[in-house]
Amino acid sequence: MIRQFGWIDVFYLVAALRWTLALAAVAFVGGGLVGAMIAFLRLARSAPLRLLGAVYTQVVQGTPLLVWIFGLYFGIAIFGFSVPPWAAAATAFSVYAGAFLGDIWRGALEAVPKTQWEAGASLSLSFPQQIRYVIVPQAVRIATPPTVGF
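Using our numbering, you'd call the opening residue of the sequence shown number 837 and step up by one each time.
This is the structure:
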């Protein structure tokens, strides 16, 4: 028999919404950190670092999110480690979001015209200074719509 939808169900949904928003916030912060690292790996001058970033992106984007969640929760438990469900979900979402955000932000950094990179170099700015003061402020405007869409 199917029961009627009652007020207690609304309270359960509100309680679940609280955890959903917390998990989304943790996943966005974790994914943002991983994504920034991947974006800069993909722009590195060293070929092995670029390859590492590309392999990470391809592997994570090529694997369904549900596989990451199950793998982190059940797969680690096979080795005798107990993983809390919330930690497994937050880690899986962060890993997955990091791959997509890394690709979005790499594209935004590469979309800044080469003349802007050269202008920063002509001011004798170091590479981190070029990124911080010249490139990232322009790339943020490019990256905002796809980041929000993701």
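The beta carbon of each residue, even a glycine, is placed where N, CA and C say it ideally should be. Keep in mind it's a predicted model, so treat the numbers as computed, not measured.
Per-residue burial, residue i [other beta carbons within 10 Å of its own, 16 or more giving buried]
i	result
Val896	buried
Trp922	exposed
Gly985	exposed
Ala975	buried
Val870	buried
Leu937	buried
Ile844	exposed
Val970	buried
Leu877	buried
Gly867	buried
Nearest-angstrom beta carbon gap, residue j and residue i [assumed within contact, 8 angstroms]
i	j	result
Ala944	Ile978	4 angstroms
Leu908	Val919	7 angstroms
Arg839	Leu879	At roughly 56 angstroms, the Cβ-Cβ gap does not stay under 8 angstroms, so Arg839 and Leu879 are not in contact.
Gly889	Ile874	5 angstroms
Nearest candidate by alpha-carbon position, reference residue i, set the options
i	options	result
Val931	Ala863, Trp843, Ile844 and Thr983	Ala863
Pro900	Ala935, Trp843, Pro982 and Leu869	Ala935
Leu940	Pro884, Tyr848, Thr893 and Trp855	First, the amino acid is wrong: residue 940 is Ile here, not Leu. Closest option to Ile940, Cα to Cα, is Thr893.
Trp855	Ser958, Val948, Ala926 and Val976	Ala926
Val865	Glu954, Val970 and Ala933	Ala933
Pro949	Gly916, Ser962, Pro973 and Leu961	Pro973
Beta-carbon contacts of residue i that lie in its chain and below 7 angstroms, excluding the five residues immediately before and after
i	result
Ile905	Ala924, Ala925 and Ala928
Residues of its chain near residue i, where Cβ-Cβ distance is below 6 angstroms and the 5 sequence neighbours each way are ignored
i	result
Leu959	none
Ala957	none
Contact with chain D by residue i, beta-carbon distance below 8 angstroms
i	result
Asp845	Checking the listed chains, one finds no chain D in this structure; it contains a single protein chain.
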